[in-house]
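Note that the protein sequences, when read in sequence, are chains A and B.
Per our numbering, the first sequence starts with residue 136, numbered consecutively.
Per our numbering, the second sequence starts with residue 8, numbered consecutively.
Report on the following structure.
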Amino acid sequence: DAGVTQSPTHLIKTRGQQVTLRCSPKSGHDTVSWYQQALGQGPQFIFQYYEEEERQRGNFPDRFSGHQFPNYSSELNVNALLLGDSALYLCASRPDSNRAGELFFGEGSRLTVL
Amino acid sequence: GIQVEQSPPDLILQEGANSTLRCNFSDSVNNLQWFHQNPWGQLINLFYIPSGTKQNGRLSATTVATERYSLLYISSSQTTDSGVYFCAVTSNAGKSTFGDGTTLTVKP
């Protein structure tokens with residue numbers, strides 16, 4: 136049973152560039168959430184996708200956008216990168232049949248913006 | 008939104024000691040989870056515990072939902088227990104909020 140998988144694991148970008156991060160949910164899960172974790176802090180909720188639509192959003196600017204595909208995989212896009220976007224980006228999945236169900240996380244994508 | 012506070016922020020123990028980590032939350036929740044984050048950033052699921060008590064080896068957790076807190080107990084700590092422990096709660100709307108974590112260091 137494959138868990139949540141994310142790619143790439145590490146990447147380096149420069150200010151002003153754009154980045155796309157990818158996530159495949161755990162088998163049987165159809166709801167995907169993205170989190171940003173800055174150094175020394177807890178993960179912060181960015182948004183959640185279900186049925187290819189953004190269902191919930193945290194306090195992040197419009198530079199952060201996402202997409203969910205029919206196979207439930209998801210992408211996180213960040214435009215006009217800032218130095219402060221450097222962080223670990225985590226993807227989590229759960230089955231929507233249980234909105235309070237257990238969250239499972241991928242290993243994350245570590246983004247460095249120079 | 009829901010506020011989550013974890014205490015203590017840092018904890019240093021000698022191997023073999025016991026510890027208790029606390030998580031307070033500000034509103035009713037549908038779900039509470041405890042995670043251990045390894046040095047590579049992976050969040051490892053420890054407990055899914057909206058209420059009640061669960062045990063898994065040397066670790067156990069108790070959530071008292073009516074009083075809005077949860078406790079994570081680590082007994083006979085080992086150096087491999089070192090790392091950051093996070094509590095996360097899920098609201099009725101399905102949004103999950105994390106605390107800032109407790110950094111545990113177990114010395115040999």
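Glycine residues also receive a C-beta, built at the ideal position from the N, C-alpha and C atoms.
| Query | Result |
| --- | --- |
| 7 Å Cβ shell around A/R190 - same chain, five flanking residues per side excluded | Q183, Y184 |
| Helix, strand or coil at A/L218 [DSSP, three-state] | helix |
| Beta strand (DSSP E) segments (min. 3 residues) lying fully within the segment 136 to 190 of chain A | 140 to 142, 145 to 148, 154 to 159, 166 to 172, 179 to 185 |
| Same chain, Cβ closer than 6 Å to B/D34, neighbours up to 5 away in sequence not counted | I9 |
| C-beta neighbour in chain A for B/T97, strict 7 Å | yes |
| Identity of the residues DSSP links to A/L223 by a beta bridge | A/Q172, A/R245 |
| B/W41 - partner residues in DSSP beta bridges | B/F54, B/C94 |
| Meets three-Cβ-pair contact criterion under 8 Å: the segment 219 to 228 of chain A and the segment 169 to 177 of chain A | yes |
| Limits of the unbroken beta strand (DSSP E) element including B/K61 | 59 to 63 |
| Beta carbon proximity, B/Q6 to chain A, threshold 7 Å | In the structure as shown, chain B begins at 8 and stops at 115. Residue 6 of chain B is therefore absent and cannot be evaluated. |
| Bridge partner(s) assigned by DSSP for A/N212 | A/T155, A/S200 |
| 7 Å CB neighbourhood of A/I147 in its chain, flanking five on each side removed | T247, L249 |
| 6 Å Cβ shell around B/T110 - same chain, five flanking residues per side excluded | D17, V91 |
| Buried/exposed call for A/G175, threshold 16 Cβ in 10 Å | exposed |
| Closest by C-alpha distance to A/T140, when choosing among B/L50, B/S84, B/V113, B/T70 | B/L50 |
| Three-pair Cβ contact test at 8 Å for the segment 207 to 219 of chain A versus the segment 70 to 88 of chain B | no |
| B/Q13 classed as buried or exposed, judged by whether at least 16 other C-beta atoms fall within 10 angstroms | buried |
| Contacting positions in the segment 183 to 203 of chain A - beta carbon closer than 8 Å to chain B | Q183, R190, Q191, G193 |
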